[in-house]
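Take the sequence shown: its letter number 69 is residue 162 in the numbering used here, and every next letter is one higher.
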Amino acid sequence: MPDDAIARPVVAERGLLRFLTCGSVDDGKSTLIGRLLFNAELVLADQMEALERESRRFGTTGGDIDFSLLLDGLEDERQQRITIDVAYRFFATPRRSFIVADTPGHEQYTRNMVTGASTADLAVLLVDARKGVLTQTRRHSLVCSLLGIRHVVLAVNKLDLVGYDRAVFERIAEDYGSVAAGLGFASLQMIPISAREGDNITGRSPNMPWYEGPSLLE
Numbered sequence: 094m095p096d097d098a099i100a101r102p103v104v105a106e107r108g109l110l111r112f113l114t115c116g117s118v119d120d121g122k123s124t125l126i127g128r129l130l131f132n133a134e135l136v137l138a139d140q141m142e143a144l145e146r147e148s149r150r151f152g153t154t155g156g157d158i159d160f161s162l163l164l165d166g167l168e169d170e171r172q173q174r175i176t177i178d179v180a181y182r183f184f185a186t187p188r189r190s191f192i193v194a195d196t197p198g199h200e201q202y203t204r205n206m207v208t209g210a211s212t213a214d215l216a217v218l219l220v221d222a223r224k225g226v227l228t229q230t231r232r233h234s235l236v237c238s239l240l241g242i243r244h245v246v247l248a249v250n251k252l253d254l255v256g257y258d259r260a261v262f263e264r265i266a267e268d269y270g271s272v273a274a275g276l277g278f279a280s281l282q283m284i285p286i287s288a289r290e291g292d293n294i295t296g297r298s299p300n301m302p303w304y305e306g307p308s309l310l311e
């Protein structure tokens with residue numbers, strides 16, 4: 094995440110940034126946080142073994158590791174393959190520490206999303222590259238604005254599923270720019286990512302040489 098997008102929270106919290114992931118259902122919020130934890134080497138060996146077993150049982154990735162299962166802890170969440178409750182996780186990089194709230198995307202659980210957003214300084218709003226800006230994308234953006242969140246990162250996820258197409262990213266970025274224009278955000282960074290494959294999460298991805306901005310954690 095760029096420094097200009099998080100300068101105020103970092104100063105206020107001595108290097109601790111509280112943020113949430115939000116967006117519509119199945120946009121990859123839990124997978125993103127699971128990938129962050131994995132890349133930060135915070136997944137222990139026994140947790141990894143359990144994750145491999147759970148991925149075979151509940152996963153949606155065709156036998157590969159399903160990072161979302163690190164967050165979807167309730168049995169109902171795994172069976173329904175959605176996030177219901179808010180899951181909080183702590184992780185750190187050499188530069189700063191983070192507390193992230195993984196919030197549900199389903200309209201039915203918007204109240205739980207509000208709970209997660211109420212203590213956040215920054216929102217990472219995910220959009221599925223195949224679907225673009227949806228009603229719940231707009232709703233979560235409005236909630237963030239009403240709760241005083243002024244720093245937003247739009248993470249256009251699943252770029253791998255659209256062939257890392259620059260035009261897809263730019264179209265969604267333009268659409269969301271129109272949504273955000275009237276919401277009073279102090280900073281807005283737009284990043285093309287693939288949470289499943291790890292593209293532009295902790296470092297720049299060679300799969301998108303056309304993107305010259307920072308990765309999510311930069």
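For glycine and all other residues, C-beta sits at the position ideal for the given N, C-alpha and C.
Note that this is a predicted model, so its numbers are computed, not measured.
Under the three-state DSSP convention, the category residue i falls into
i, result
"N250", "strand"
"R174", "At R174 the pLDDT is 48, less than 50, meaning the model places this residue with poor confidence; the figure from the coordinates comes in the next sentence. R174 falls in the coil class under three-state DSSP."
"T295", "coil"
"V136", "coil"
"E290", "coil"
"E305", "coil"
"E311", "coil"
"N300", "coil"
Bounding residues of the alpha helix (DSSP H) (the contiguous stretch that carries residue i)
i, result
"M206", "T203 to A210"
"F160", "Looking at the DSSP string, F160 is not in any alpha helix (DSSP H), and its letter there is neither H nor E."
"D268", "R259 to A273"
"L125", "K122 to N132"
"R231", "T228 to L239"
For residue j and residue i, believed in contact at Cβ under 8 Å, the rounded distance
i, j, result
"A313", "V236", "Because residue 313 is not part of the residues shown, which for the chain are 94 to 311, the question remains open."
"L129", "I294", "7 Å"
"G127", "F160", "3 Å"
"L215", "H244", "4 Å"
"A248", "V217", "6 Å"
"T124", "A288", "4 Å"
"V179", "D195", "7 Å"
"Q229", "E200", "6 Å"
"G277", "S238", "6 Å"
N- and C-terminal bounds of the beta strand (DSSP E) containing residue i
i, result
"T114", "L109 to G116"
"L215", "L215 to D221"
"D195", "S190 to D195"
"F183", "A180 to A185"
"S90", "Shown here, the chain extends from 94 to 311; a query on residue 90 therefore has no answer."
Counterpart residues of residue i in DSSP-defined beta bridges
i, result
"V245", "A216 and L281"
Residue i Cβ short of 7 Å to the ligand ZN heavy atom set
i, result
"L135", "For the structure depicted, the ligand ZN is absent and the ligand set is empty, with no information on it obtainable."
- Task: Say whether the region 243-257 touches the region 292-308, bearing in mind that this needs 3 or more beta-carbon pairs closer than 8 Å, one atom from each stretch.
- Result: yes
- Does the region 188-206 touch the region 108-117, meaning 3 or more C-beta pairs lie closer than 8 Å? yes
- Query: For the 8 Å Cβ check, are there 3 or more pairs between the region 120-133 and the region 211-228?
  - Reply: yes
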